[in-house]
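Engineer: Have a look at this one before I ask anything.
There are 4 protein chains.
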Amino acid sequence: MRGDEMFFEIDPNSQVPLYLQLTQQIKQAVVNGQAEIGQALPSVRILASDLGVNMHTVNKAYNMLVDEGVLRKNQQGYSIYLNKIQLESPMYQLELKEQLKNLMINSFIHGVNLKEFTQWTHVIAQELKETPKER
Amino acid sequence: MRGDEMFFEIDPNSQVPLYLQLTQQIKQAVVNGQAEIGQALPSVRILASDLGVNMHTVNKAYNMLVDEGVLRKNQQGYSIYLNKIQLESPMYQLELKEQLKNLMINSFIHGVNLKEFTQWTHVIAQELKETPKER
Amino acid sequence: MRGDEMFFEIDPNSQVPLYLQLTQQIKQAVVNGQAEIGQALPSVRILASDLGVNMHTVNKAYNMLVDEGVLRKNQQGYSIYLNKIQLESPMYQLELKEQLKNLMINSFIHGVNLKEFTQWTHVIAQELKETPKER
Amino acid sequence: MRGDEMFFEIDPNSQVPLYLQLTQQIKQAVVNGQAEIGQALPSVRILASDLGVNMHTVNKAYNMLVDEGVLRKNQQGYSIYLNKIQLESPMYQLELKEQLKNLMINSFIHGVNLKEFTQWTHVIAQELKETPKER
DNA sequence: GTGGTCTAGACCACT
DNA sequence: GTGGTCTAGACCACG
């Protein structure tokens, strides 16, 4: 069974590289429960065809997620894995904090105060929790 | 008055483009009160020399900040401006929310829950408030 | 006599091709004395079924071992052979030395010194000697 | 200064993927002292041209070494780094031991005993120590 | 059918 | 000049 339940969208006009858009979509599907551990992902070529991008772009995204510990690869293809040892490495958390600091600086400069920023995080957390089963 | 009290550091070994490191440092100086409205920035030539980077790099950073509404350029050079109309444009805020969403997805995937994430924001907010006057 | 005392395990989630996992397991059984010269191997069909893999996979593994000089094929099926002339061909030894060199380079790069590496070889040699008769 | 002192050779007819041959050559240059920490590597395109391979092949090799902790990448290009925290991760050592076990099984099957195998390791270690300064 | 490797060539971002 | 991204298309290994 291939993961036909997962649908991803990418914007070819975005400044964000296509393969990064894809990794984010896959991670989001994991976070909001659309994708479960062990679930198979669409094959590289199929997904590339569906998204209208090149095979190598999907390949790069999948392999990045393997390196990060989100996916695993075997002889049959890629599937959701979530290797906690890899995922919860301190290196990542330092990187995330640095990114959060920069994001907060930008928010403050652009007139968003801490209270508003905190509200945003809670609204987004809520959105991410609501599993979109309407698909 | 030249802004001699502002000191910036860039890491040439970072993956982050030099001009972005510089814009972040300048914004951070504004946020934590090191830099005040009207204060002049070091000249492009001087700062480039101090940081050991190309003049084009500093120029690019300054001009980006002018476009963003943080700096203004006049006959004497660049100075802190903070044009609220530009800064608080809804476009920027949408962009910031999108970035926050992605950052939160990455945090959750990497084992950071909402509570921890919120704690991080408060710790960072505190750090940003403490004006480092010891310079 | 069918080799019912040989039990092999393969990991479908491994990066290593299934047929290579199988050839290694068979060679290991020979090295640690679990399998003796003349002993028959499970039929392709049976082993494929036991391991939950395709018949082609077992077939490929068996034929590779025939080419290498470990097995021989006759009317009844495959059995342990150990053709020294084939096995001790200089070609193989050159290949093995090349692999050892690369493995040592990787070990040294990853902080393992020669003394530790040599200790590893002795520990592994010991493990391989202890015939697991408890099966 | 680009690392013009480093010379690599790859065999397009080898079974080993070109990018892996290249990573091995670079690691070997580090192990035997030909390459030192901080030294810049040839640019992706220059090296690709020198070796007669595609840019992407060199790129893949370099990026693998960055992930492994051997190289570092900055705005100017790639250079030798040797991040011990990454390099000496236990995950790698387990992998190396597994590879060593398989290599030893193959050696024993092919008529090499433990004594000979240990001699090989010492001969190779000696070869790797002798810095080839004759270049 | 799956993914992996490699090539050739284009366009973009950064310094 | 440096690397990064993306495309199009070919050939191979594995199951």
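Residue numbers (our numbering), protein chains in the order written: chain A, 305 to 439; chain B, 305 to 439; chain C, 305 to 439; chain D, 305 to 439. The beta carbon of each residue, even a glycine, is placed where N, CA and C say it ideally should be.
When DSSP builds the beta bridges, which residues end up paired with S383 of chain D?
Structural biologist: Translated into the one-based positions of the fourth sequence, residue 383 of chain D becomes position 79. Answer by DSSP bridge pairing, in chain order: D:A344 and D:R376.
Engineer: Name, please, each residue of chain A whose Cβ falls closer than 7 angstroms to the Cβ of Q403 of chain B.
Structural biologist: Position 99 of the second sequence holds residue 403 of chain B. What Q403 of chain B touches in chain A: L407.
Engineer: Nearest to I350 of chain B by alpha carbon, out of B:N363, B:I428 and B:I341?
Structural biologist: Residue numbering aside, residue 350 of chain B sits at position 46 when the second sequence is read from its first letter. Answer by Cα proximity: B:N363.
Engineer: Using CA atoms only, rank isn't needed, just tell me which of D:F312, D:V334 and D:Q397 is closest to Q325 of chain D.
Structural biologist: The residue given as residue 325 of chain D occupies position 21 in the fourth sequence. Closest option to Q325 of chain D, judged by alpha-carbon separation, among D:F312, D:V334 and D:Q397: D:F312.
Engineer: By the three-class DSSP mapping on this structure, what secondary structure does Q397 of chain A have?
Structural biologist: In the first sequence, residue 397 of chain A corresponds to position 93, counting from 1. Q397 of chain A: helix per DSSP, three-state reduction.
Engineer: I'd like the list of long-range same chain contacts for L255 of chain C, defined as Cβ closer than 8 angstroms, with 5 residues on each side in sequence excluded.
Structural biologist: The question about residue 255 of chain C has no answer here: the residues shown for chain C are numbered 305 through 439.
Engineer: Roughly how many angstroms lie between the CA atoms of L322 of chain C and Y396 of chain C, to the nearest whole one?
Structural biologist: Stepping through the third sequence from its first residue, residue 322 of chain C is reached at position 18. Stepping through the third sequence from its first residue, residue 396 of chain C is reached at position 92. Whole-angstrom Cα-Cα distance: 22 angstroms.
Engineer: Could you compute how far the alpha carbon of H426 of chain C sits from the alpha carbon of N406 of chain C?
Structural biologist: Taking the third sequence and counting its residues from 1, one reaches residue 426 of chain C at position 122. Taking the third sequence and counting its residues from 1, one reaches residue 406 of chain C at position 102. Between H426 of chain C and N406 of chain C, the C-alpha separation is close to 19 angstroms.
Engineer: Measuring CB to CB, does A344 of chain B end up less than 7 angstroms from M310 of chain B?
Structural biologist: Along the second sequence, one-based indexing puts residue 344 of chain B at 40. Along the second sequence, one-based indexing puts residue 310 of chain B at 6. Their beta carbons are not under 7 angstroms apart, which means A344 of chain B does not touch M310 of chain B by this criterion.
Engineer: Any beta-carbon of chain A closer than 7 angstroms to the one on V335 of chain B?
Structural biologist: For the purposes of this step, residue 335 of chain B is identified with residue 31 of the second sequence, where counting begins at 1. By this cut-off, V335 of chain B is an interface position.
Engineer: Checking 7 angstroms against the spacing of the C-beta atoms, do L400 of chain C and S411 of chain D come in under that value?
Structural biologist: For this step, residue 400 of chain C is matched to residue 96 along the third sequence. For this step, residue 411 of chain D is matched to residue 107 along the fourth sequence. Yes, they are a contact pair.
Engineer: If we cut at 7 angstroms on Cβ distances, does N363 of chain B have a partner in chain D?
Structural biologist: Residue 363 of chain B sits at position 59 when you count from the first residue of the second sequence. No, no contact with chain D.
Engineer: Determine the DSSP secondary structure at D315 of chain B, reduced to helix, strand or coil.
Structural biologist: For this step, residue 315 of chain B is matched to residue 11 along the second sequence. In this structure, D315 of chain B counts as coil in the three-state DSSP scheme.
Engineer: Compute the Euclidean distance between the alpha carbons of V416 of chain B and I330 of chain A, then round it to the nearest angstrom.
Structural biologist: In the second sequence, counting from the first residue as 1, residue 416 of chain B sits at position 112. In the first sequence, counting from the first residue as 1, residue 330 of chain A sits at position 26. C-alpha separation (whole angstroms): 18 angstroms.
Engineer: If I'm right that V320 of chain D touches L432 of chain D with Cβ under 8 angstroms, what's the distance once you round it to whole angstroms?
Structural biologist: Taking the first residue of the fourth sequence as 1, we reach residue 320 of chain D at position 16. Taking the first residue of the fourth sequence as 1, we reach residue 432 of chain D at position 128. Incorrect: roughly 19 angstroms between the Cβ atoms, too far for contact.
Engineer: Check whether chain C comes within 7 angstroms of N387 of chain A, counting only Cβ atoms and requiring the distance to be less than that.
Structural biologist: For the purposes of this step, residue 387 of chain A is taken as residue 83 along the first sequence, with counting starting at 1. No - not a single Cβ of chain C is within 7 angstroms of the one on N387 of chain A.
Engineer: By a C-beta neighbour count over all protein chains shown, 10 Å radius and 16 as the cutoff for buried, is Q338 of chain A buried or exposed?
Structural biologist: The sequence position of residue 338 of chain A within the first sequence is 34, counting from 1. Per the 10 Å Cβ criterion, buried.
Engineer: From I341 of chain A to D315 of chain C, what does the alpha carbon distance come to, in whole angstroms?
Structural biologist: Mapped onto the first sequence, residue 341 of chain A falls at position 37. Mapped onto the third sequence, residue 315 of chain C falls at position 11. Approximately 18 angstroms, taken between the alpha carbons.
Engineer: Between the Cα of A365 of chain D and those of D:Q380, D:Q379 and D:V348, spot the shortest distance and give me the residue it belongs to.
Structural biologist: Walking along the fourth sequence from the start, residue 365 of chain D turns up at place 61. For A365 of chain D, the nearest C-alpha among the options comes from D:V348.
Engineer: Anything in the stretch 307 to 333 of chain C with a Cβ closer than 8 angstroms to a Cβ of chain A? List those residues in chain order, please.
Structural biologist: Residues P316, N317, S318, Q319, P321 and L322.
Engineer: Suppose you measure from the CA of L404 of chain D to the CA of H414 of chain C; what does that come to, to the nearest Å?
Structural biologist: Taking the fourth sequence and counting its residues from 1, the one referred to as residue 404 of chain D is at position 100. Taking the third sequence and counting its residues from 1, the one referred to as residue 414 of chain C is at position 110. Between L404 of chain D and H414 of chain C, the C-alpha separation is close to 14 angstroms.
Engineer: List the endpoints of the continuous alpha helix (DSSP H) containing I427 of chain B.
Structural biologist: Looking up residue 427 of chain B in the second sequence gives position 123. Note that residue 427 of chain B corresponds to Val in the displayed sequence, not to Ile. Segment L418 to K433, the alpha helix (DSSP H) holding V427 of chain B.
Engineer: Whole angstroms are fine: how far does the CA of V370 of chain D sit from the CA of H360 of chain A?
Structural biologist: Position 56 of the first sequence, counted from the first residue, corresponds to residue 360 of chain A. Position 66 of the fourth sequence, counted from the first residue, corresponds to residue 370 of chain D. Distance between the alpha carbons of H360 of chain A and V370 of chain D is about 20 angstroms.
Engineer: Determine, using beta carbons only, whether M408 of chain D and I428 of chain C come nearer to each other than 7 angstroms.
Structural biologist: In the fourth sequence, residue 408 of chain D corresponds to position 104, counting from 1. In the third sequence, residue 428 of chain C corresponds to position 124, counting from 1. Yes, these two residues count as a Cβ contact at 7 angstroms.
Engineer: Work out the CA separation of P394 of chain D and K419 of chain D for me, nearest whole Å.
Structural biologist: What you label residue 419 of chain D is simply residue 115 of the fourth sequence in a count that begins at 1. What you label residue 394 of chain D is simply residue 90 of the fourth sequence in a count that begins at 1. Roughly 28 angstroms between the two C-alpha positions.
Engineer: Taking the alpha carbon of Q328 of chain D as the reference point, which residue from C:Q328, C:E434, C:E402 and C:S318 has its own alpha carbon closest?
Structural biologist: One-based indexing of the fourth sequence puts residue 328 of chain D at position 24. When each option's Cα is compared against that of Q328 of chain D, the closest is C:E402.
Engineer: Using a C-beta to C-beta distance shorter than 7 angstroms, which residues of chain C count as neighbours of H414 of chain D?
Structural biologist: In the fourth sequence, residue 414 of chain D corresponds to position 110, counting from 1. Residues of chain C passing the Cβ test: L391, E392, Y396, Q397 and L400.
Engineer: If you follow the alpha helix (DSSP H) that Q329 of chain D is part of, which residue opens it and which one closes it?
Structural biologist: Mapped onto the fourth sequence, residue 329 of chain D falls at position 25. From DSSP, the alpha helix (DSSP H) with Q329 of chain D extends over L322 to V335.
Engineer: Give me, in chain order, the residues of the same chain whose beta-carbon lies closer than 6 angstroms to that of E421 of chain B; leave out the 5 immediate sequence neighbours on both sides.
Structural biologist: Reading the second sequence from its first residue, position 117 is the one you call residue 421 of chain B. First, the residue type needs correcting, since residue 421 of chain B is Phe and not Glu in the sequence shown. The answer, listed in chain order, is S411.
Engineer: Interface residues of chain B around A339 of chain A at Cβ under 9 angstroms?
Structural biologist: What you label residue 339 of chain A is simply residue 35 of the first sequence in a count that begins at 1. Within 9 angstroms Cβ-Cβ: nothing; A339 of chain A doesn't reach chain B, min ~11 angstroms.
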